[in-house]
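See structure below.
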Amino acid sequence: MHFNWTAEQLAIRHQYAAIGGEIARAAAERAEGFDYDGWNRLRDEGLWRLIVPADCPASNENWWNFTAALEGLSSAIVTPELLLSVIAQAGMVRALARHGTPDQQSRYLDAILRGEVSATGIAELTTGTDVRSINTSLTEVGGEYRLNGNKFNIAHAPIMDFALIVCRAGNADTNNITLVLLDKGAPGFTPGRIDDKLGNRNLPTGALHFEDVPVRKSQVLGIPGRGLGTLIDIISLGRLYYGLVAAHLAEPALRDAQQYAAHRDSFKSTIDQHQYVQKRIVDIRIGMERSRWLAYGALSQLLDGHREALLSCSIAKLVGAEDLINAATSLVKLYGSLGYHNGKVTELMRNALGFASVGGTEEMHRKNIFNQMQRLAA
216 MHFNWTAEQL
226 AIRHQYAAIG
236 GEIARAAAER
246 AEGFDYDGWN
256 RLRDEGLWRL
266 IVPADCPASN
276 ENWWNFTAAL
286 EGLSSAIVTP
296 ELLLSVIAQA
306 GMVRALARHG
316 TPDQQSRYLD
326 AILRGEVSAT
336 GIAELTTGTD
346 VRSINTSLTE
356 VGGEYRLNGN
366 KFNIAHAPIM
376 DFALIVCRAG
386 NADTNNITLV
396 LLDKGAPGFT
406 PGRIDDKLGN
416 RNLPTGALHF
426 EDVPVRKSQV
436 LGIPGRGLGT
446 LIDIISLGRL
456 YYGLVAAHLA
466 EPALRDAQQY
476 AAHRDSFKST
486 IDQHQYVQKR
496 IVDIRIGMER
506 SRWLAYGALS
516 QLLDGHREAL
526 LSCSIAKLVG
536 AEDLINAATS
546 LVKLYGSLGY
556 HNGKVTELMR
566 NALGFASVGG
576 TEEMHRKNIF
586 NQMQRLAA
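Residue numbering for the sequence shown follows the numbering used here, beginning at 216 and increasing consecutively.
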């Protein structure tokens, strides 16, 4: 279990907190859309080298170094879109490192180091993230495959360079999920337009469409028909990282709120002297600490292969999302009418609500937690 950052990890955290602040200031002057400048800055600073070492597979220590960087970024970057992009890309690194062939690793890990953007296509319009119910199909034809179907609300879909697609091979059996790697521009592979969302507007999401897309057997990640377990191993990392960034995303807003409360007069005193205001501020901090430590614990278990890791990853995501949404709501209330005006607090509120569904809804995670409880009790 991780309790303290090493000196090296503290330095990484401070480095990326400074970078996050610089990205946030630059983003304030930038038009809406994916932050390519910030993305390329992270590449140039060596973020991906933390988990794609030059001469060996990433170790647990490499992942903790990366986590220190992600935590530093999330404590200063103010808005979550670039963080969500980083988490998605980290999941792709885990997928390739743990399940890819040497050729797949060489091709796509090099692409990640160059700054190419990946997408992971799971959700469909009628199934959400219920993987067992997906309709996107992979059919064997003459020694290779054809991919048909559609994906919905996929991060990076409109801008991706390559994608990992979750599909169903053969009939509707429950144990036939297959994962395939596709490059942008493949025949029959078409990205949709950028979705018009309430928040997280600098994270481009959209649909992916497949019409008789040719897929070679060398493009399959892992074992055909056995992709469900592989997918769960991949996305569990993202779940706990959503909880981690949720724990730190409100830090700048909380600091501002403390300053506001220390100078806002009401009933002959500053409002930070009122216990109900203190409770709002303290409860936000409690939620941040709860989410942070749950994420640490889940990462420790996931890296160590602990039998409760999948349970903990869903709990970390669920609690992190709930605490962030509660924090944003409380900050809007703390500022009163001012908090309802468009600005940093309302932007945090809009973005925080996205955490209710990113990486799976509350209902899906509660179902997964219950299923894991039953598995552990058997």
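Backbone N, C-alpha and C fix where the C-beta goes; we use that ideal spot for every residue, glycine too.
Computed from a predicted model, the values in this text were never measured in an experiment.
For residue i, is the classification buried or exposed, using 16 other Cβ atoms within 10 angstroms of its Cβ as the cut-off for buried?
i           : result
residue 309 : buried
residue 448 : buried
residue 231 : buried
residue 359 : exposed
residue 229 : exposed
residue 400 : exposed
residue 357 : exposed
residue 340 : exposed
residue 450 : buried
residue 501 : exposed
residue 593 : exposed
residue 586 : exposed
residue 221 : exposed
residue 470 : exposed
residue 507 : buried
residue 438 : exposed
Under 8 Å, do residue i and residue j count as touching if we go by C-beta distance?
i           : j           : result
residue 549 : residue 588 : no
residue 569 : residue 414 : yes
residue 193 : residue 282 : Only positions 216 to 593 of the chain appear in this structure, which leaves residue 193 out of reach.
residue 335 : residue 315 : no
residue 342 : residue 366 : no
residue 250 : residue 299 : no
residue 287 : residue 417 : no
residue 363 : residue 426 : yes
residue 462 : residue 546 : no
residue 338 : residue 369 : yes
residue 280 : residue 320 : no
residue 591 : residue 522 : yes
residue 344 : residue 579 : yes
residue 440 : residue 524 : no
Quick one: Cα of residue i to Cα of residue j, how far?
i           : j           : result
residue 551 : residue 238 : 29 Å
residue 481 : residue 584 : 45 Å
residue 436 : residue 377 : 13 Å
residue 292 : residue 242 : 9 Å
residue 317 : residue 273 : 15 Å
residue 396 : residue 349 : 17 Å
residue 332 : residue 446 : 19 Å
residue 553 : residue 382 : 47 Å
residue 535 : residue 433 : 38 Å
residue 405 : residue 571 : 28 Å
residue 289 : residue 295 : 7 Å
residue 265 : residue 311 : 15 Å
residue 394 : residue 509 : 29 Å
residue 582 : residue 529 : 10 Å
residue 483 : residue 494 : 19 Å
residue 460 : residue 285 : 7 Å
residue 270 : residue 353 : 35 Å
residue 489 : residue 498 : 14 Å
residue 538 : residue 258 : 30 Å
residue 245 : residue 253 : 11 Å
residue 412 : residue 559 : 17 Å
residue 263 : residue 519 : 21 Å
residue 479 : residue 492 : 11 Å
residue 355 : residue 361 : 6 Å
residue 313 : residue 431 : 20 Å
residue 555 : residue 561 : 7 Å
Here's a check: name, in chain order, each residue in its chain whose Cβ is nearer than 6 Å to the Cβ of residue i, leaving out the five neighbours to either side.
i           : result
residue 302 : 453, 456
residue 574 : 453, 454, 457, 532
residue 409 : 373, 419, 421
residue 543 : 563, 564, 567
residue 466 : 290
residue 540 : 567
Excluding the five sequence neighbours on either side, which residues of its own chain have a C-beta within less than 8 Å of the C-beta of residue i, listed in chain order?
i           : result
residue 473 : 487, 496
residue 443 : 346, 347, 390, 392
residue 477 : 485, 487
residue 407 : 372, 373, 421, 422, 423, 424
residue 323 : 307, 311, 315, 333, 377, 396
Cutting at 7 Å between CB atoms, please list the residues of its own chain near residue i, excluding the five before and the five after it.
i           : result
residue 255 : 330
residue 511 : 217
residue 402 : 428, 429
residue 326 : 376, 377
residue 398 : 377
residue 304 : 327, 333
Going by the C-beta, is residue i closer than 7 Å to any heavy atom of the ligand FAD?
i           : result
residue 549 : Although the ligand FAD was asked about, the structure shown includes no ligands whatsoever.
Subject >> Any alpha helix (DSSP H) of 4 or more consecutive residues that is wholly inside the segment 486 to 552 >> reply: Qualifying alpha helix (DSSP H) stretches, in chain order: 490 to 519, 524 to 549.
Subject >> beta strand (DSSP E) segments (min. 3 residues) lying fully within the segment 426 to 472 >> reply: Positions of the beta strand (DSSP E) runs, each at least 3 residues long and wholly inside the segment 426 to 472, cannot be given because no such run exists.
Original post:
Which whole runs of the alpha helix (DSSP H) in the segment 221 to 255 are 4 residues long or more, in chain order?
Top reply: Taking 4 residues as the shortest admissible run, the segment 221 to 255 contains the following complete alpha helix (DSSP H) segments, listed from N- to C-terminal end: 222 to 242.
Original post:
Which full runs of the beta strand (DSSP E) of 3+ residues lie inside the segment 350 to 433, going along the chain?
Top reply: Within the segment 350 to 433, the beta strand (DSSP E) runs of at least 3 residues that lie entirely inside it are, in chain order, 352 to 356, 359 to 370, 377 to 384, 392 to 398, 404 to 406, 420 to 430.
Original post:
Residue ranges of each beta strand (DSSP E) run of no fewer than 3 residues wholly in the segment 248 to 301, ordered along the chain?
Top reply: Here no run is fully enclosed.
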